[in-house]
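Residue numbers (the numbering used here), protein chains in the order written: chain A, 1 to 82; chain B, 1 to 456.
Written below as structure tokens is the structure these notes are about.
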Amino acid sequence: MTRTELIPAVARIASSVIGEGDLDITPETAFASVEGWDSLNHLHIVVGLEKAFGIRFADSARLQSATTVGDLLDMISSARKP
Amino acid sequence: MQAILLALYWCAPDRIWQNRILLLGSLLFLFSLGKATAAILIVSTALEWAIALRLEKTETPRGRRAWLWGSLALNIGLLAILKFGRFFPSGETLFGSGSAWLKTLIPVGASFWTLQKMSLTLDVYFRRRHAEKDFFACLLFAGFFPTVLSGPIEASRNFLPQLEKKRAWDVRRFSEAIWLLALGAFLKAVIADNLSPVTEVLLKPGARGGSVLLGGYAYALQLYGDFAGYSYMARGIARAYGIDITQNFLAPFLTRNLSDFWKHWHASLTAFLNEYVFGPVSMRLRDRGTFGIVFAICATFLASGIWHGTGWLYVAYGGIHAAGISFLAMTRTWRKRMVTRFGKEGWYAIVCILVTFNWVVMSFLVFRSADLTAALAQLGALFRGGWGLSGVSVDWGTLGLSGLAVLWLQSRVLASRDVFWIFARPVWFRVAFYLVLGFLLTRFFAPPDRFIYFQF
Chain A
1 MTRTELIPAV ARIASSVIGE GDLDITPETA FASVEGWDSL NHLHIVVGLE KAFGIRFADS
61 ARLQSATTVG DLLDMISSAR KP
Chain B
1 MQAILLALYW CAPDRIWQNR ILLLGSLLFL FSLGKATAAI LIVSTALEWA IALRLEKTET
61 PRGRRAWLWG SLALNIGLLA ILKFGRFFPS GETLFGSGSA WLKTLIPVGA SFWTLQKMSL
121 TLDVYFRRRH AEKDFFACLL FAGFFPTVLS GPIEASRNFL PQLEKKRAWD VRRFSEAIWL
181 LALGAFLKAV IADNLSPVTE VLLKPGARGG SVLLGGYAYA LQLYGDFAGY SYMARGIARA
241 YGIDITQNFL APFLTRNLSD FWKHWHASLT AFLNEYVFGP VSMRLRDRGT FGIVFAICAT
301 FLASGIWHGT GWLYVAYGGI HAAGISFLAM TRTWRKRMVT RFGKEGWYAI VCILVTFNWV
361 VMSFLVFRSA DLTAALAQLG ALFRGGWGLS GVSVDWGTLG LSGLAVLWLQ SRVLASRDVF
421 WIFARPVWFR VAFYLVLGFL LTRFFAPPDR FIYFQF
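Pasting the structure below:
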């Protein structure tokens, strides 16, 4: 899956966690700019992504420094590489 | 002094001179606070600057973590040595009860600038910014005079890039600075300082339930006026020099849950703790479900409580907020259903605002108390009743008008999500509003009290 193909899945999981209807997100979208994407919801989104893709974000420093949807997409791509 | 510094600053030919003038002003201010404050800040900033540079050159994760822990040990250790002593039940410090020499050594605003300084290393560790090579830029960041006493706590990645280009004079930005200064002065000198004696009367030792409740409301307004007033003025002074710093206060008393409250109250501390305590702890424990979340919340508010002060009183203050936010985290699904059923506005929203405000007031009663025994006595009075106010001299005028003024100002901020809402209004409104502020400042200027947060 490419980054573009991953976006709908990330949007679906984030929308279900935040509960604000369908989110319109792009790789450039900053978490801080999305209403309801706070630190607690961010945690649930990360857990939801790990479950959905069957992956584990192992690099905690990278996980901490993520600020945009694009950062999450990169981390998913890296974690899915064999 | 400020006028001369400001004039020199805006006449400076380039960014280097602008930075030098700001640094000179900051150093003069620091030394006016005391040689110990200035010396500790300069030396500890030099160490932080060196650590950040070494951390950036280190490739291995283990080595990077070692430098990070070095920085944490340095900063937390410094604060612990200077502040922790009163944890002992006897009230003695680590250095014994007669530690007058220690009091002279405790740097003013250390809790604020220590966290700010830590971000020099933290931002490099989390790769949010490169290590700053210019030591004097780091020193200006750590000791920036508008924020050094009581924040807002700024991240280096927000502040340092502003020093890399010349700040250009902008009339609009200068008008915003004036607005922030006027608003801050009003909140401090008219609201907070007039409410101070009202609070004293209502919360005197032995006060009964009604008096404590009303006193809690008065203190909430006073604390808001005091700290938000300071923060607005600090931001206004920084803006007069073309420097943007974090908005520390929005509309805290109109928020619908505690989690939102902390995004509107002392937002810079919340952001710091969220980023460096709640985030790492909750992520590490993300497989542990609700336990992991509640543990991370407790760790965050324990850190917040201890940051505020050295004693069990502040642990209790943090504990009240930890309990409230843990409850929110555990009832997340239920609350979502309630919003779906009753809507975001209307009576459900009003109930949420009232519950949040009263929970916050309860925590402020603890925050204000001299010790845990006094705090428990006042909280106990709330549950023992005695709601009548006979024999209590309440200044209803000051309390009522202050409450209305604060609620109206916060509703304006909430409606536009911005403290600069006034600039969207017609010129006549702005002129009239400034005249009213000016009148209130001259007519109701109260003898100034020390800013409450200066003690931290």
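Glycine is no exception: its CB is placed at the ideal position from the N, C-alpha and C atoms.
When you compare the CB positions of residue i and residue j, do they come within less than 7 Å of one another, or not?
i: Ser304(B); j: Pro152(B); result: no
i: Gly143(B); j: Leu30(B); result: yes
i: Leu285(B); j: Phe295(B); result: yes
i: Leu414(B); j: Ala251(B); result: yes
i: Leu180(B); j: Tyr232(B); result: yes
i: Gly229(B); j: Gly184(B); result: yes
i: Lys165(B); j: Arg15(B); result: yes
i: Leu365(B); j: Gly206(B); result: no
i: Thr246(B); j: Tyr219(B); result: no
i: Tyr314(B); j: His308(B); result: yes
i: Thr121(B); j: Ala52(B); result: yes
i: Phe186(B); j: Leu437(B); result: yes
i: Leu23(A); j: Leu73(A); result: no
i: Gly236(B); j: Ala177(B); result: yes
i: Gly209(B); j: Ala381(B); result: yes
i: Glu56(B); j: Ala155(B); result: no
i: Leu379(B); j: Ile325(B); result: no
i: Phe112(B); j: Ser150(B); result: yes
i: Leu221(B); j: Gly403(B); result: yes
i: Phe357(B); j: Phe444(B); result: no
i: Gly19(A); j: Lys263(B); result: no
i: Met75(A); j: Phe57(A); result: yes
i: Gly242(B); j: Arg172(B); result: no
i: Asp449(B); j: Ser196(B); result: yes
i: Phe159(B); j: Phe141(B); result: yes
Going by other Cβ atoms of all chains shown within 10 Å of its Cβ, with 16 needed for buried, is residue i buried or exposed?
i: Thr442(B); result: exposed
i: Ser411(B); result: exposed
i: Thr26(A); result: exposed
i: Pro146(B); result: buried
i: Phe291(B); result: exposed
i: His266(B); result: buried
i: Leu28(B); result: exposed
i: Phe423(B); result: exposed
i: Glu59(B); result: exposed
i: Phe429(B); result: exposed
i: Pro426(B); result: exposed
i: Pro107(B); result: buried
i: Val431(B); result: exposed
i: Val10(A); result: buried
i: Phe88(B); result: In this predicted model, Phe88(B) has a pLDDT of only 44, less than 50, meaning its place in the structure is not dependable; the value taken from the coordinates is given anyway. So Phe88(B) ends up on the exposed side.
i: Lys188(B); result: buried
i: Cys11(B); result: exposed
i: Trp334(B); result: exposed
i: Thr368(B); result: Note that residue 368(B) corresponds to Arg in the displayed sequence, not to Thr. With 16 or more Cβ atoms within 10 Å of its Cβ, Arg368(B) is classed as buried.
i: Thr2(A); result: exposed
i: Glu275(B); result: buried
i: Gly29(A); result: Correcting the residue type first, residue 29(A) is Thr in the shown sequence and not Gly. So Thr29(A) counts as buried.
i: Arg460(B); result: Since the first residue shown for chain B is 1 and the last is 456, residue 460(B) is missing from the structure and cannot be characterised.
i: Gly36(A); result: exposed
i: Ile4(B); result: exposed
i: Thr93(B); result: With a pLDDT of 45 at Thr93(B), under the threshold of 50, the predicted position of this residue should be treated as unreliable, though the coordinate-derived value follows. Buried, because 16 or more other Cβ atoms sit within 10 Å of the Cβ of Thr93(B).
i: Gln2(B); result: exposed
i: Trp49(B); result: buried
Please look up how many angstroms separate the CB atoms of residue i and residue j, rounded, as I've assumed it's under 8 Å.
i: Arg157(B); j: Asp123(B); result: 5 Å
i: Phe31(A); j: His42(A); result: 6 Å
i: Ala316(B); j: Ile293(B); result: No, Ala316(B) and Ile293(B) are not in contact; Cβ-Cβ is about 21 Å, not under 8 Å.
i: Thr310(B); j: Lys117(B); result: About 20 Å separates the two Cβ atoms, so there is no contact after all.
i: Arg256(B); j: Ile353(B); result: 6 Å
i: Leu139(B); j: Ile42(B); result: 7 Å
i: Trp312(B); j: Leu389(B); result: The Cβ separation is near 31 Å, so there is no contact.
i: Leu78(B); j: Ser26(B); result: Incorrect: roughly 20 Å between the Cβ atoms, too far for contact.
i: Gln162(B); j: Asp244(B); result: 7 Å
i: Ala66(B); j: Phe135(B); result: That pair is no contact at about 22 Å.
i: Gly48(A); j: Val17(A); result: 6 Å
In the DSSP output, what is residue i paired with across the bridge?
i: Ala14(A); result: In the DSSP output, where bridge partners are listed per residue, Ala14(A) has none listed.
i: Thr68(A); result: Ala30(A)
Quick one: which residues of the stretch 39-62 of chain B get their C-beta closer than 8 Å to a C-beta of chain A? List them in chain order. Pro61
Listed from N- to C-terminal order along the chain, which residues in the stretch 54-80 of chain A have their beta-carbon within a distance smaller than 7 Å of any beta-carbon of chain B? Ser60, Ala61, Leu63, Gln64 and Ser65
Compile a chain-ordered list of the residues in the stretch 27-41 of chain A whose CB is closer than 8 Å to at least one CB of chain B. Asp38, Ser39 and Leu40
Within 7 Å of chain B by C-beta, residues of the stretch 13-27 of chain A in sequence order: Gly19
Of the residues that make up the stretch 328-352 of chain B, which ones have a beta carbon closer than 7 Å to any beta carbon in chain A? Ala329 and Lys336
Select from the stretch 177-188 of chain B all residues with a C-beta closer than 9 Å to any C-beta belonging to chain A, and list them in chain order. none
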